[in-house]
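K.L.:
Under numbering that gives the first Met the number 0, the first residue of the sequence shown is numbered 0, with each subsequent residue one higher.
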Amino acid sequence: MTLLEVRNLTKTFGALMANSEVSFDVERGSIVGLIGPNGAGKTTLFNCVAGLYKPTSGTVTLDGEDITGLPSWKIARLGVARTFQVVRPLKEMTVFENILVGAHMRHRETAKAAEIATRCMELCFLSSYRDHLSGGLTIGNKKRLEVARALATEPKLILLDEAVAGLTSTEVKEMVEVIRRMKDEGITVLMVEHIMEAIMPIADKLVVLNSGVKICEDAPRAVVQNPEVIRAYFGEKYSRRLRTEGKEDDHGCDA
Ligand SMILES: Nc1ncnc2c1ncn2[C@@H]1O[C@H](COP(=O)(O)OP(=O)(O)O)[C@@H](O)[C@H]1O
Ligand SMILES: [Mg+2]
Numbered sequence: 000m001t002l003l004e005v006r007n008l009t010k011t012f013g014a015l016m017a018n019s020e021v022s023f024d025v026e027r028g029s030i031v032g033l034i035g036p037n038g039a040g041k042t043t044l045f046n047c048v049a050g051l052y053k054p055t056s057g058t059v060t061l062d063g064e065d066i067t068g069l070p071s072w073k074i075a076r077l078g079v080a081r082t083f084q085v086v087r088p089l090k091e092m093t094v095f096e097n098i099l100v101g102a103h104m105r106h107r108e109t110a111k112a113a114e115i116a117t118r119c120m121e122l123c124f125l126s127s128y129r130d131h132l133s134g135g136l137t138i139g140n141k142k143r144l145e146v147a148r149a150l151a152t153e154p155k156l157i158l159l160d161e162a163v164a165g166l167t168s169t170e171v172k173e174m175v176e177v178i179r180r181m182k183d184e185g186i187t188v189l190m191v192e193h194i195m196e197a198i199m200p201i202a203d204k205l206v207v208l209n210s211g212v213k214i215c216e217d218a219p220r221a222v223v224q225n226p227e228v229i230r231a232y233f234g235e236k237y238s239r240r241l242r243t244e245g246k247e248d249d250h251g252c253d254a
């Protein structure tokens with residue numbers, strides 16, 4: 000069953016067409032990767048889905064409900080959470096307090112919010128940093144904190160914008176594990192990612208954008224062989240590496 004349906008979504012900034020007639024579905028419980036070169040329109044698409052931008056035209060449907068153009072707080076309430084490409088936790092707050100902010104979106108009662116925050120903290124491997132100020136965390140922990148705070152809003156759909164970018168290979172593996180755990184919890188994931196080694200083993204489907212246009216939508220294994228995607232994004236050499244290294248049992252993320 001479809002959870003998110005994007006139809007003919009167009010977003011322009013003056014003369015620039017950042018998204019052009021983009022359509023795709025995200026099935027409930029799946030992990031979908033959104034990939035493509037810098038400037039392809041990935042973050043813009045996220046912003047249109049999450050209500051930070053109003054689409055110029057087209058529709059966004061969540062769980063059968065038209066959410067096109069709703070303000071971001073309403074879309075968050077309806078079950079869409081997102082993380083940002085540039086992490087921005089509240090530096091003067093502890094890890095736990097940051098996650099609690101997310102949990103308070105749905106729960107005024109402190110005990111219930113704390114219970115949810117604790118669960119999300121555990122799920123994101125942050126329990127040992129509970130009372131640390133978030134400003135002093137490593138980038139890997141900061142990125143997982145962003146995810147934990149988003150999860151604490153109890154979303155149906157989570158949008159991850161380059162959650163793995165800039166991480167060490169160990170941190171990449173931790174994040175991939177967190178994403179797997181989210182899926183096990185029944186949360187649907189739409190993720191923008193450049194690190195193919197992180198996304199290939201977990202994505203059910205990839206959607207490829209180039210210059211605002213969807214050029215491919217397929218299983219990861221098919222996408223890495225798609226001539227247009229190779230031309231626009233991977234290049235021959237990287238594509239060959241992905242095809243030969245991307246075995247089913249290979250979760251190597253040392254990009
Ligand atoms: N708020 C904005 N105002 C004007 N142009 C924007 C804005 N946001 C993004 N763009 C432009 O839209 C295009 C797509 O950007 P973006 O969605 O950030 O790409 P990606 O995330 O795939 O790298 C780029 O050319 C970018 O400069
Ligand atoms: Mg981006």
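Think of the CB as a built atom: it goes at the ideal place given N, C-alpha and C, for glycine as much as any other residue.
Keep in mind the model is a prediction, meaning the values are calculated, not measured.
1. In the structure shown, what three-state DSSP assignment does Gly-57 receive?
2. Between Gly-211, Leu-69, Ala-151, Val-146, which lies nearest to Glu-176 when the distance is taken from Cα to Cα?
3. With a cut-off of 8 angstroms on the beta carbons, I'd call Ala-197 and Val-228 a contact; round off their distance for me.
4. Does the Cβ of Glu-247 have 16 or more other Cβ atoms within 10 Å, making it buried, or fewer, making it exposed?
5. Rounded to the nearest angstrom, what separates Leu-156 and Asn-46 at their Cα positions?
6. Quick check: the Cα distance between Arg-108 and Thr-152, rounded to an integer number of angstroms?
7. Determine whether the beta carbon atoms of Glu-161 and His-193 lie at a separation below 9 angstroms.
8. Whose C-beta lies closer than 8 angstroms to the C-beta of Glu-235 among residues of the same chain, with five residues either side of it excluded?
9. In this structure, what does DSSP give as the bridge partners for Asp-258?
10. State the DSSP-derived secondary structure class of Gly-13, mapped to helix, strand or coil.
11. Compute the minimum distance between the beta carbon of Pro-36 and the heavy atoms of ligand 1, and state whether it is under 8 angstroms.
12. Compute the distance between the beta-carbons of Pro-36 and Asn-209, then report whether it is under 9 angstroms.
13. Between the Cα of Lys-259 and the Cα atoms of Glu-26, Arg-6, Val-222, Leu-89, which residue gives the shortest distance?
14. For Gly-101, does the three-state DSSP call read helix, strand or coil?
15. Spatial neighbours of Asp-65 within its chain, please: CB distance less than 7 angstroms, with the 5 preceding and 5 following residues excluded, ordered by chain position.
16. If we ignore side chains and look at the alpha-carbon of each, how far apart do Gly-32 and Phe-95 end up?
17. Determine the closest residue to Glu-173 out of Ser-19, Arg-129, Cys-123, with distance taken between C-alpha atoms.
18. Note the first and the last residue of the continuous alpha helix (DSSP H) segment covering Glu-114.
P.N.:
Looking at the atomic coordinates:
1. Sequence index remark: in the sequence shown, residue 57 carries index 58 (1-based). The answer is strand: DSSP assigns Gly-57 an E or B state.
2. Translated into the one-based positions of the sequence shown, residue 176 becomes position 177. Selected option, being the one with the closest Cα: Val-146.
3. Numbered from 1 along the sequence shown, position 198 holds the residue referred to as residue 197. Numbered from 1 along the sequence shown, position 229 holds the residue referred to as residue 228. Rounded, the Cβ-Cβ distance is 17 angstroms, inconsistent with contact.
4. In the sequence shown, counting from the first residue as 1, residue 247 sits at position 248. Because the pLDDT at Glu-247 is just 46, under 50, the model does not fix this residue reliably, and the value given afterwards should be weighed accordingly. Looking at its Cβ environment, which holds fewer than 16 other Cβ atoms inside 10 Å, Glu-247 is exposed.
5. Counting from 1 along the sequence shown, the entry for residue 156 is found at position 157. Counting from 1 along the sequence shown, the entry for residue 46 is found at position 47. Those two C-alpha atoms are separated by around 14 angstroms.
6. Numbered from its first residue, the sequence shown carries residue 108 at position 109. Numbered from its first residue, the sequence shown carries residue 152 at position 153. For clarity, residue 108 is Glu in the given sequence; the question names Arg instead. Cα to Cα, Glu-108 sits roughly 14 angstroms from Thr-152.
7. Start at 1 with the first residue of the sequence shown, and residue 161 comes out as number 162. Start at 1 with the first residue of the sequence shown, and residue 193 comes out as number 194. Yes, they are a contact pair.
8. Reading the sequence shown from its first residue, position 236 is the one you call residue 235. Taken in chain order, the residues that qualify are Ile-229.
9. Residue 258 lies beyond the residue range present for the chain, which begins at 0 and ends at 254; the question has no answer from this structure.
10. Here residue 13 refers to the residue found at position 14 when the sequence shown is read from its first residue. In this structure, Gly-13 counts as coil in the three-state DSSP scheme.
11. The count along the sequence shown starts at 1 and reaches residue 36 at position 37. Pro-36: yes, Cβ under 8 angstroms from ligand 1.
12. Locating residue 36 in the sequence shown gives position 37, where the first residue counts as 1. Locating residue 209 in the sequence shown gives position 210, where the first residue counts as 1. Against a cut-off of 9 angstroms, the Cβ pair of Asn-209 and Pro-36 comes out as a contact.
13. Given that the chain is displayed from residue 0 to residue 254, the structure contains no residue 259 and the question cannot be resolved.
14. Numbered from 1 along the sequence shown, position 102 holds the residue referred to as residue 101. Helix, per DSSP.
15. To locate residue 65, count along the sequence shown from 1; it is residue 66. Within the same chain, Asp-65 has close Cβ partners Thr-58.
16. If you number the sequence shown from 1, residue 32 lands on position 33. If you number the sequence shown from 1, residue 95 lands on position 96. Whole-angstrom Cα-Cα distance: 29 angstroms.
17. For the purposes of this step, residue 173 is identified with residue 174 of the sequence shown, where counting begins at 1. If we check each option's Cα against that of Glu-173, Cys-123 comes out closest.
18. Working through the sequence shown from its first residue, we reach residue 114 at position 115. That run of the alpha helix (DSSP H) goes 109-122.
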